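Asks: Below: one structure in structure tokens.
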Ligand SMILES: *Cc1c(COP(=O)(O)O)cnc(C)c1O
Ligand code: SF4
């Protein structure tokens, strides 16, 4: 017997008959998440005026032409932006503690008619005029990744999962990187701990993972797995998958957001990931990709083609965004991002309230903003496509549901979390950026003698677990 394809019950395009719609027709504007550009117009950038489509779609060209020196970047932009912008960015780079790397694709996605407010510019190019003083309570490695690291580059904080950092380079460098203590090239501002690709260090990390039966979930991050060679991906995945204790592996990369071309043209890399996923499936273990889109403008037709290629191979992709001022801090933008991720089969997993990171106070926003956004996002789409808004508790408490604070004072911007299954009995404090506090709160932070008073006051108002919240 041969299987026949049944004829679909309806013909698309015919008007429903005999149905009285309960809802009015939707405003086409609400379907904006489905309309995204096929590709950015790279030819608007003088340096790429003669670049062919074939070149632009080739990941090797994108990598080779990625810009790593501020003066080169500004040269490429000179005819597109004002002198004032160039001066502002030049000074921004002098003061910024991050390494620079931007791809031609990303530069083409930025709206150079509005460079001050473009969400991609904000993430990758610092402007001195926008920088704000760091919060007085900020410390480098605010998440204490190193304090929870039994082996350099392996953080074991939660009971059953660990974070493995096999390398310290990325296809781009983000201004706001939480791991700015480790990734990239040294700058004058930050002395870094390096996690070079080093198989002796990897071996130590693997030996530790294999020796801990409670570990079942490994996050392979970095740096960024985009920069691992195919054979390194295979080595990492097969080594971990062989361990009887390991059930789940996530490979983290910002690549799809900043250079989707690689998924379409680097067959060896995509095949190595696919083989890892397939081997995992055979062993009844999960291997997935985690990526990092922050703004709906980062999703183009190239992204869609790239994600469809992974989707066809049965590869699950989840997204972790960082909540950033001017990038995704309005309900409209956050909802558009979430809905657009749904169009490319990427599951929104987390939105992080911005960590306390050096030199990017202008990017952080308040916990209150995160709570407000969550309320708006929930209900717009499938629950499994609705991200959880989390605060990665400074000091090593791990990720907490943003709403689960024990105490939150919107005037001082101090919120307190507990993590009973991670570090019982400890309290973790998050601080909103001072410039967004009401004037009374700003005045108290302007007076150093008030700092500890505010913190002690907040701590004293945390009740015992299970007794409700006092705010
Ligand atoms: C984020 C993170 C994980 C993974 O946490 P999930 O909440 O499962 O995504 C594991 N280890 C460390 C140190 C982390 O920071
Ligand atoms: S790609 Fe990820 S690890 Fe690399 S700089 Fe950006 S945020 Fe940091």
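In full-length UniProt numbering, the protein residues as written are 1 to 471.
C-beta atoms are modelled at their ideal positions from N, C-alpha and C, and glycine is treated no differently.
Since this is a predicted model, take the numbers as computed values, not measurements.
1. Write down the C-beta distance between residue 283 and residue 251 rounded to the nearest angstrom, noting that I regard them as a contact closer than 8 angstroms.
2. Which residues share a DSSP beta bridge with residue 226?
3. What residues in its chain sit with their C-beta under 7 angstroms from that of residue 214, if we drop five residues either side in the sequence?
4. Is residue 145 near ligand 1, judged by its Cβ being under 7 angstroms from some heavy atom?
5. Out of 233, 331, 109, 223, which one is the CA nearest neighbour of residue 40?
6. Using CA coordinates, which residue listed in 144, 134, 113, 103 is at the minimum distance from residue 124?
7. Return the CA-CA distance between residue 343 and residue 376, expressed in angstroms with no decimal places.
8. Identify the continuous alpha helix (DSSP H) that holds residue 439 and give its terminal residues.
9. Below 8 angstroms on the Cβ atoms is my contact criterion, and I expect residue 354 with residue 363 to pass it. Report the Cβ-Cβ distance as a whole number of Å.
10. Just to confirm, is the Cβ distance from residue 348 to residue 291 under 8 angstroms?
11. So, with DSSP's three-state summary, where would you put residue 331?
12. Any heavy atom of ligand 2 closer than 7 angstroms to the CB of residue 219?
13. According to DSSP, is residue 151 helix, strand or coil?
14. Please report how far the alpha carbon of residue 274 lies from the alpha carbon of residue 412, in whole angstroms.
15. Cβ of residue 223 versus every heavy atom of ligand 2: is any distance shorter than 7 angstroms?
16. Would you grab the beta carbon distance between residue 211 and residue 163 for me? Rounded to a whole angstrom, and I think it's under 8 angstroms.
17. According to DSSP, is residue 399 helix, strand or coil?
18. Which residue comes first and which comes last in the alpha helix (DSSP H) that contains residue 207?
19. Using only CA atoms, which one of 129, 107, 127 lies nearest to residue 120?
20. Using only the heavy atoms of ligand 2, determine whether one of them is closer than 7 angstroms to the beta carbon of residue 270.
21. Does residue 285 pass the burial test, meaning 16 or more other C-beta atoms within 10 Å, or should it be called exposed?
22. Does the beta carbon of residue 20 fall short of 7 angstroms from some heavy atom of ligand 2?
23. Taking the DSSP output, what are the residues bridged to residue 220?
24. Tell me the start and end of each unbroken beta strand (DSSP E) in the region 290 to 334 that is at least 3 residues and wholly inside, in chain order.
25. Where does the unbroken alpha helix (DSSP H) through residue 415 begin, and where does it stop?
26. Determine which residues share a DSSP beta bridge with residue 348 and list them.
27. Exposed or buried, which one is residue 472 when buried takes at least 16 other CB atoms within 10 Å?
28. Would you be able to state if there are at least three C-beta pairs under 8 angstroms between the region 436 to 446 and the region 455 to 464?
29. When you compare the region 374 to 390 with the region 147 to 154, are there three or more beta-carbon pairs, one atom per stretch, that lie closer than 8 angstroms?
30. Can you name, in chain order, every residue of its own chain whose Cβ lies under 6 angstroms from the Cβ of residue 57, other than the five neighbours on each side?
31. Mind checking which residues open and close the alpha helix (DSSP H) that includes residue 277?
32. Taking the straight line between their C-alpha atoms, what separation do you get for residue 73 and residue 93?
33. Apply the 10 Å Cβ neighbour rule to residue 418 and answer buried if 16 or more other Cβ atoms are within range, or exposed otherwise.
34. What do you reckon, are the CB atoms on residue 339 and residue 33 nearer than 8 angstroms?
35. Report the option in 330, 168, 433 whose CA atom is closest to the CA atom of residue 475.
36. Starting from residue 430, trace the beta strand (DSSP E) in both directions and tell me its first and last residue.
Replies: So, from the data block:
1. Going by Cβ atoms, the distance from residue 283 to residue 251 rounds to 16 angstroms, so no, they are not a contact pair.
2. Bridge partners of residue 226: none, in fact.
3. Around residue 214: 159, 160.
4. Yes - ligand 1 has a heavy atom lying nearer than 7 angstroms to the Cβ of residue 145.
5. For residue 40, the closest C-alpha among the options 233, 331, 109, 223 is that of 109.
6. For residue 124, the nearest C-alpha among the options comes from 103.
7. Taking the straight line from one Cα to the other gives about 19 angstroms.
8. It spans 439 to 445 - the alpha helix (DSSP H) in which residue 439 sits, taken as one unbroken run.
9. Indeed, because the Cβ distance is near 6 angstroms, the residues count as touching under 8 angstroms.
10. No; because the gap between Cβ atoms is not below 8 angstroms, this pair is not in contact.
11. Collapsing the DSSP output to three states places residue 331 in a helix.
12. Checking every heavy atom of ligand 2 against the Cβ of residue 219, none is found closer than 7 angstroms.
13. Three-state DSSP puts residue 151 in a strand.
14. Put simply, the backbone Cα of residue 274 is about 48 angstroms away from that of residue 412.
15. At least one heavy atom of ligand 2 sits closer than 7 angstroms to the Cβ of residue 223.
16. 17 angstroms between Cβ atoms; not a contact.
17. Three-state DSSP puts residue 399 in a strand.
18. Taken as a continuous stretch (DSSP letters only), the alpha helix (DSSP H) holding residue 207 covers 199 to 210.
19. When each option's Cα is compared against that of residue 120, the closest is 107.
20. Because no heavy atom of ligand 2 lies under 7 angstroms away, the Cβ of residue 270 does not count as near it: no.
21. By the neighbour-count rule (16 or more Cβ atoms within 10 Å), residue 285 is buried.
22. The answer is no for residue 20.
23. Listed as beta-bridge partners of residue 220 by DSSP are 164, 251.
24. Segments of the beta strand (DSSP E) lying fully in the region 290 to 334: 317 to 323.
25. Taken as a continuous stretch (DSSP letters only), residue 415 belongs to no alpha helix (DSSP H), being part of the beta strand (DSSP E) at 414 to 418.
26. According to DSSP, which records beta bridges pairwise, residue 348 is partnered with 319.
27. Here the chain comprises residues numbered 1 to 471, so residue 472 is not present and cannot be evaluated.
28. Judged by Cβ distances under 8 angstroms, the region 455 to 464 makes no contact with the region 436 to 446, as fewer than three pairs qualify.
29. Because the criterion of three Cβ pairs below 8 angstroms is not met, the region 374 to 390 and the region 147 to 154 do not touch.
30. Answer for residue 57: 261, listed in chain order.
31. Going by DSSP, residue 277 is part of the alpha helix (DSSP H) stretching over 267 to 282.
32. Approximately 11 angstroms, taken between the alpha carbons.
33. Taking all protein chains shown into account, residue 418 has 16 or more neighbouring C-beta atoms within 10 Å of its C-beta and is therefore buried.
34. The Cβ-Cβ distance between residue 339 and residue 33 falls below 8 angstroms.
35. Absent from the model: residue 475. The displayed extent of the chain is 1 to 471, so no value can be given.
36. Run containing residue 430: 427 to 431, per the beta strand (DSSP E) assignment.
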